[in-house]
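A short write-up of the structure that comes next.
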Amino acid sequence: MVLRIYFTSEDLRKVRIAGGPHPLWELVLSINCLQQDALPPQYWTWRDSVGTRGRARALDARVLQSACAVVPAAGNFADFLTPTVDELDAQAHFESMLALPAAAVRADLTRTYRRLDQPPRWAHRLHELGRPDGVVRLLRDYRAIALQGPVWGEVHRHVETARARYAHDLLSGGLDVLLAGLHPSIRWKAPVLEADYSYDLDLELGGRGLQIVPAYFNFGGPLTFIDGDQPPTLVCPAVRDWDGIGTITPTIDTAGLGDLIGHTRAKLLAALGIAASTNQLAHRLHVTPAAISQHTKTLREAGLVTTTRTGQSVRHAVTPLGRSLLRSDR
Numbered sequence: 001m002v003l004r005i006y007f008t009s010e011d012l013r014k015v016r017i018a019g020g021p022h023p024l025w026e027l028v029l030s031i032n033c034l035q036q037d038a039l040p041p042q043y044w045t046w047r048d049s050v051g052t053r054g055r056a057r058a059l060d061a062r063v064l065q066s067a068c069a070v071v072p073a074a075g076n077f078a079d080f081l082t083p084t085v086d087e088l089d090a091q092a093h094f095e096s097m098l099a100l101p102a103a104a105v106r107a108d109l110t111r112t113y114r115r116l117d118q119p120p121r122w123a124h125r126l127h128e129l130g131r132p133d134g135v136v137r138l139l140r141d142y143r144a145i146a147l148q149g150p151v152w153g154e155v156h157r158h159v160e161t162a163r164a165r166y167a168h169d170l171l172s173g174g175l176d177v178l179l180a181g182l183h184p185s186i187r188w189k190a191p192v193l194e195a196d197y198s199y200d201l202d203l204e205l206g207g208r209g210l211q212i213v214p215a216y217f218n219f220g221g222p223l224t225f226i227d228g229d230q231p232p233t234l235v236c237p238a239v240r241d242w243d244g245i246g247t248i249t250p251t252i253d254t255a256g257l258g259d260l261i262g263h264t265r266a267k268l269l270a271a272l273g274i275a276a277s278t279n280q281l282a283h284r285l286h287v288t289p290a291a292i293s294q295h296t297k298t299l300r301e302a303g304l305v306t307t308t309r310t311g312q313s314v315r316h317a318v319t320p321l322g323r324s325l326l327r328s329d330r
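FYI, in UniProt numbering the residues of the sequence shown are 1 to 330.
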């Protein structure tokens, strides 16, 4: 499954990079991170601290539980949770959410959960009310628990590093180098940018341009809005774990999956919770690079991994289908 973004010549002149961490994208994606089994190690200390707060106070535990209902571990979340506001202050984003007309909130919820026979209870109640006040209170409470203090400094550091890298790529190689280097799952075939995605989605920019948002709490791959009429946005991982950041992967039981696709391939797929080069995978799994190349070829042909070459560098990443297969093995 693929996300395709179609550029015109006007759109190529309007590619821009967000001015800093997006308060609500980081917030929403951090809720998603709390629920991931294959979470990269750079987030483990943060998740442990959030979990400790949840165990210490019943009120905090209820906030975390409710936040995870609004932003589930898998599947869509409503577009209105991540408003497009040219402010780095979270309060401006919360006010934008509160100013939404009831009709816009209801349309967003309908679009988000149209594939489900039964939408979540919170979404059903919000659809009746048309006012997101309760959701905004919840997100404010969650932010106070999970995103205050040193972690927000870490967010800023990684996002600013990503912005500097984007600027360097743009100045040294032009837009082609910038777009091709955003993530291993992204392929720039002018005038179309393609990326592995959880479902097929075509986005016509139509002269509106594209804003690229580097996000610390996005580690899996690029994201965008469900609604194509929203301001075109591509949220990309700020941390370049495919360059060797965080080479230790969480332990995943792959015994059942190994019986299906082979135990080495199952371990390789699990290791790609953090994208890696052929040599990095060989080091992690204690096999030869030639063996890794053979196994990734088989997994790639099955649609479970992608391989991207930039110059002499080759990077492998697990696809959404591969992640689903790993989840089904637990």
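Just so it is clear, CB atoms sit at the ideal spot from N, CA and C, and this is done for glycine as well.
Residue i and residue j closer than 7 Å at C-beta
i: Pro222; j: Ala195; result: yes
i: Asp257; j: Ala266; result: In the sequence on display, residue 257 carries Leu and not Asp. Yes.
i: Ile212; j: Asp79; result: no
i: residue 333; j: Tyr6; result: The structure shown does not extend to residue 333, since the chain is modelled only from 1 through 330, so no value can be given for it.
i: Leu98; j: Val159; result: no
i: Leu210; j: Pro232; result: yes
i: Leu178; j: Leu170; result: yes
i: Thr296; j: Pro289; result: no
i: Gly207; j: Thr84; result: no
i: Leu29; j: Asn218; result: yes
i: Trp25; j: Val235; result: yes
Beta-bridge pairing of residue i - partner residues as DSSP gives them
i: Val2; result: Asp196
i: Ser277; result: Arg315
i: Pro237; result: Ala215
i: Leu223; result: Val235
i: Ile17; result: Ile212
Expected contact under 8 Å - CB spacing of residue i and residue j to nearest Å
i: Ala73; j: Asn32; result: 7 Å
i: Ala67; j: Tyr142; result: 4 Å
i: Leu34; j: Arg47; result: 6 Å
i: Asp318; j: Thr307; result: Correcting the residue type first, residue 318 is Val in the shown sequence and not Asp. Contact doesn't hold; Cβ gap of about 11 Å is too wide.
i: Val239; j: Gln118; result: Not really, about 36 Å apart at Cβ, beyond 8 Å.
i: Leu147; j: Leu12; result: About 34 Å; that fails the 8 Å criterion.
i: His316; j: Ala282; result: That pair is no contact at about 11 Å.
i: Leu88; j: Pro23; result: 7 Å
Helix, strand or coil at residue i according to DSSP, with G and I counted as helix
i: Leu116; result: coil
i: Asp202; result: strand
i: Val105; result: helix
i: Ile186; result: strand
i: Leu88; result: coil
i: Leu304; result: coil
i: Arg157; result: helix
i: Val177; result: helix
i: Ala99; result: coil
i: Ala38; result: coil
i: residue 332; result: This structure does not reach residue 332, given that the chain is present from 1 up to 330, and the question cannot be answered.
i: Val151; result: helix
i: Phe80; result: helix
i: Asp229; result: coil
i: Pro191; result: coil
* Between the stretch 93-106 and the stretch 125-139, are three or more C-beta pairs nearer than 8 Å? -> Remark: three or more beta-carbon pairs, one from each stretch, lie closer than 8 Å, so the stretch 93-106 and the stretch 125-139 are flagged as touching.
* So does the stretch 15-22 actually touch the stretch 37-56, counting three or more Cβ pairs closer than 8 Å? -> Output reads no: the stretch 37-56 does not touch the stretch 15-22.
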